[in-house]
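**Q**
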Amino acid sequence: MYIFDAHSDIWMKSVEERRLGDMDYFMDTHFPKLQEGKISGGIFVVYTRTDKKVDSVRYLWREIGGVMGEIRALRKKDAPIDFVKSYREIETAIEAGHFFAIMGIEGLSGIEGDIEQINTLYDLGFRHASLTWNEENHLAAGAAIEDGSKGVTALGEKAIKLMDDLGMIFDVSHLNERSFWEVTEIWKKPMIASHSNSKAILPHRRNITDEQAKAISKSGGVIGVNACGEFLHKNKPHINCYLDNIEHFVNVAGLEAVGIGFDFCDFLRSGSLGSDEKISKGVEGLEDVRTGGAVLEGLKSRGFSGTDIEKIAHGNFLRVIREIIY
Ligand SMILES: [Zn+2]
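Here this note's numbering is used: the first residue of the sequence shown is 215, the next is one more, and so on.
Here it is, written out as structure tokens:
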């Protein structure tokens with residue numbers, strides 16, 4: 215049984231280490247940890263910084279440059295990891311016993327509303343994107359924007375339609391509620407919330423309501439439950455809170471709509487993020503990527519059957535990926 219992790223910031227760390235001179239950081243450090251955590255595939259995102267200290271356009275393209283260098287180096291070494299652009303390539307990777315990663319973009323602030331750049335991202339191999347991180351940008355309003363009049367912009371609508379045309383995975387994590395509901399009017403394929411927890415369990419601006427969870431399910435999509443402590447419990451995040459979120463979404467949105475999107479913070483450089491996701495509050499029993507298997511064990515002890523666990527661990531996300539990028 216393996217896990218598909220729908221949200222991983224792994225590049226942030228490995229690209230930085232490469233710049234500092236450690237050319238083997240990914241294979242020496244990340245890869246064994248992923249294997250220990252029973253993770254065999256996932257969405258690896260390039261994150262767009264949006265704080266005022268940084269030029270988000272420069273930041274985005276610099277990170278992409280770093281990632282492209284990393285991918286080329288891994289290919290040269292024949293590393294057992296495939297950067298996949300379709301479901302068929304995932305099948306090939308699984309057959310070969312390789313790890314597989316879909317390239318994604320967390321927040322499109324770095325294109326500054328120049329939506330034709332989504333074509334470029336697609337041609338570089340990116341098959342996933344979300345419109346925003348927590349900020350408001352040219353395309354939509356993110357989770358930090360509580361002004362109910364701010365949602366998806368006209369450009370944002372064009373971006374969504376372009377992603378639909380190209381065949382990209384659309385991620386609603388990080389949107390504010392108004393943007394979310396406007397997206398549901400535009401995007402007619404299954405949508406994913408790659409790393410979002412339940413607002414009914416913990417009222418945090420990054421968590422989603424039961425109505426949102428049901429809408430994702432209705433689209434045929436999947437919610438990846440997030441292991442970042444801040445979104446799990448106010449004071450004492452524990453793996454049980456993580457399992458509670460899975461159970462809650464299964465009850466509210468159905469078994470077919472739940473998956474895993476760990477968002478492990480040990481990949482982040484200190485100070486690399488603005489607010490919410492800055493601090494990894496140690497989640498007891500789910501401290502880092504190596505503990506991924508504990509979720510599978512936890513689900514088993516809560517009475518989930520083998521087939522149910524398989525759907526949550528990877529089956530549901532792969533179903534959506536197959537539908538969107540066959
Ligand atoms: Zn995030």
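Think of the CB as a built atom: it goes at the ideal place given N, C-alpha and C, for glycine as much as any other residue.
1. Is there contact here, the stretch 461–475 with the stretch 428–445, by at least three beta-carbon pairs under 8 Å?
2. Among F314, I224, A307, E425, which one has its Cα closest to the Cα of E277?
3. In terms of residues, what are the limits of the beta strand (DSSP E) holding V543?
4. So is G279 buried or exposed if we call it buried at 16+ other beta carbons inside 10 Å?
5. For ligand 1, I want to know if W347 counts as a neighbour, meaning its beta carbon is within less than 8 Å of at least one of the ligand's heavy atoms.
6. When you compare only the Cα positions, how much space is there between I508 and A307?
7. Considering only the alpha carbon of each residue, which of E250, H244, V439, E326 lies closest to G506?
8. Alpha carbon to alpha carbon, what distance is there between R504 and A206?
9. Considering just the uninterrupted stretch of the beta strand (DSSP E) at R419, what are its terminal residues?
10. M215 and E524: beta carbons closer than 9 Å?
11. Taking the CB atoms as reference points, tell me whether G438 and S393 lie closer together than 9 Å.
12. Quick one: grab the DSSP three-state call for D490.
13. Examine the Cβ distances between the stretch 520–535 and the stretch 268–276 and report whether three or more of them are shorter than 8 Å.
14. Would you mind working out which of K299, G475, D238, E399 sits nearest V366, comparing C-alpha positions?
**A** Reading it off the structure:
1. With three or more CB-CB distances shorter than 8 Å, the stretch 461–475 counts as touching the stretch 428–445.
2. Measuring C-alpha to C-alpha distances from E277 to each of F314, I224, A307, E425 identifies I224 as the nearest.
3. It is not possible to answer for residue 543, since the shown part of the chain is limited to 215 through 540.
4. By the neighbour-count definition (other C-beta atoms within 10 Å, threshold 16), G279 is an exposed residue.
5. Yes, the Cβ of W347 comes within 8 Å of a heavy atom of ligand 1.
6. Correcting the residue identity first, residue 508 is Ala in this sequence and not Ile. A straight line joining the alpha-carbon of A508 with that of A307 spans about 25 Å.
7. Checking every option, the nearest Cα to that of G506 belongs to E250.
8. Residue 206 is absent from the model: the chain starts at 215 and stops at 540.
9. Element bounds for R419: n/a, residue is neither H nor E.
10. Annotated as proximal: M215 and E524, with beta-carbon spacing under 9 Å.
11. No.
12. At D490, the pLDDT of 44 sits below 50, so the modelled position is not reliable and the matter cannot be decided from this model.
13. When Cβ pairs closer than 8 Å are counted between the two stretches, the stretch 520–535 is seen not to touch the stretch 268–276, the count staying below three.
14. Nearest neighbour of V366 by Cα position, chosen from K299, G475, D238, E399, turns out to be E399.
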